[in-house]
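Novice: Structure below; questions to follow.
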Amino acid sequence: MTPPVLVAGPPLEYTQQALDREVEGVMVVECMVAVDGTVHACRVLKSLPFMDRTVVENLEHRRYKPATLGGKSLDVQYTFTIRLKIPR
99 MTPPVLVAGP PLEYTQQALD REVEGVMVVE CMVAVDGTVH ACRVLKSLPF MDRTVVENLE
159 HRRYKPATLG GKSLDVQYTF TIRLKIPR
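Oh and the sequence shown: position 56 is 154 in this note's numbering, straight run, nothing missing.
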């Protein structure tokens with residue numbers, strides 16, 4: 099299987115609460131990436147304070163080239179690992 103590939107979407111922005119508390123680390127989010135490239139049905143598997151909603155909304159506004167198997171596009175449950183580091 100070829101995994102989904104990001105083609106468009108907004109950059110991830112920190113929430114003010116996360117910036118104030120200098121939150122950094124890794125989030126893990128599982129989402130459905132559909133054959134039309136949309137992302138939905140996300141659930142946070144590993145959380146970071148004050149960032150869950152922002153990260154899920156960001157993922158759901160992205161568009162992907164869908165996953166393929168044998169040259170055929172398919173819907174997949176995909177696990178995103180997102181490393182968050184405060185912009186300096």
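Note that CB positions come from ideal geometry on N, CA and C, so glycine has one too.
So, using beta-carbon positions, are residue 142 and residue 129 closer together than 8 Å?
Specialist: Along the sequence shown, one-based indexing puts residue 142 at 44. Along the sequence shown, one-based indexing puts residue 129 at 31. Not in contact: residue 142 and residue 129 (Cβ atoms no closer than 8 Å).
Novice: Residue 101: which of 123, 155 and 173 sits nearest, CA to CA?
Specialist: For the purposes of this step, residue 101 is taken as the residue at position 3 of the sequence shown. Comparing Cα-Cα distances from residue 101 to each of 123, 155 and 173, the minimum goes to 173.
Novice: Taking the beta strand (DSSP E) that residue 177 falls in, what are its first and last residues?
Specialist: In the sequence shown, the residue the question calls residue 177 occupies position 79. Looking at the DSSP string, the run of the beta strand (DSSP E) that includes residue 177 is 174–182.
Novice: Using the rule of at least 16 other Cβ atoms within 10 Å of the residue's Cβ for burial, across every protein chain shown, is residue 131 buried or exposed?
Specialist: Mapped onto the sequence shown, residue 131 falls at position 33. That one is buried.
Novice: Can you check which of these residues, 150, 139 and 106, is closest to residue 182 by C-alpha distance?
Specialist: Here residue 182 refers to the residue found at position 84 of the sequence shown. Considering only alpha carbons, the answer is 150.
Novice: Let's test the definition: count the other Cβ atoms within 10 Å of the Cβ of residue 164 and tell me whether it reaches 16, buried, or not, exposed.
Specialist: Residue mapping note: residue 164 aligns to position 66 of the sequence shown, counting from 1. The residue in question, residue 164, is buried, as its Cβ has 16 or more Cβ neighbours within 10 Å.
Novice: Are residue 111 and residue 166 close, meaning C-beta to C-beta below 8 Å?
Specialist: Counting from one through the sequence shown, the residue named residue 111 turns up at place 13. Counting from one through the sequence shown, the residue named residue 166 turns up at place 68. The answer is no: Cβ separation not under 8 Å.
Novice: With H, G and I counted as helix, E and B as strand and the rest as coil, what does DSSP make of residue 136?
Specialist: Your numbering for residue 136 matches position 38 in the sequence shown. Correct three-state label for residue 136: coil.
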